[in-house]
Amino acid sequence: MASNQKGGRLGASVAATSKPSTLINRNVTIKGRRTSLRLEAMMWDALQEIAIRERSSLHLLCEKIDSTRSESSLTAGVRVFILGYFRIAATEAGHAGVGHGGLKAPARPGTKTSSSEGGQA
């Protein structure tokens, strides 16, 4: 067994100070084969939200991601897909396509807006 210069086992101090994992392990079925993914809770929530929006099951969505991914693992492919999906939605065209995105830059303190000048908002 390997040891460090102080005579202790390598990795012993790392294991004692590491935090518990925040990853959640779930099984998905891709082309009839069960596989597992370890993702953060927020990523699972986002993936489920996408599946609902796209009227798909989580399994079919993961199958689509797997068939089109260029990342080294399915987990990495899922994370990249989620990021790309919401980045597209965050564009001006994406916002316009769903009927929102009219946010304007907040007014600077001390400047008047049309509504504060008696104009219509």
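This note's numbering numbers the first residue of the sequence shown as 9 and each following residue consecutively.
Built from N, CA and C at the ideal position, the CB exists for glycine as well.
Would you tell me roughly how many angstroms separate the C-alpha atoms of residue i and residue j, rounded to the nearest one?
| i | j | result |
| --- | --- | --- |
| residue 4 | residue 80 | No statement about residue 4 is possible, as the shown extent of the chain runs from 9 to 129 and does not include it. |
| residue 102 | residue 92 | 12 Å |
| residue 83 | residue 104 | 31 Å |
| residue 70 | residue 33 | 14 Å |
| residue 49 | residue 56 | 11 Å |
| residue 42 | residue 67 | 10 Å |
| residue 45 | residue 36 | 7 Å |
| residue 53 | residue 25 | 29 Å |
Tell me which residue opens and which closes the alpha helix (DSSP H) that residue i is part of.
| i | result |
| --- | --- |
| residue 76 | 66 to 76 |
| residue 79 | From DSSP, residue 79 is part of no alpha helix (DSSP H); its letter is neither H nor E. |
| residue 101 | 100 to 105 |
Return the bridge partner residues of residue i from the DSSP annotation.
| i | result |
| --- | --- |
| residue 48 | 31 |
| residue 38 | 41 |
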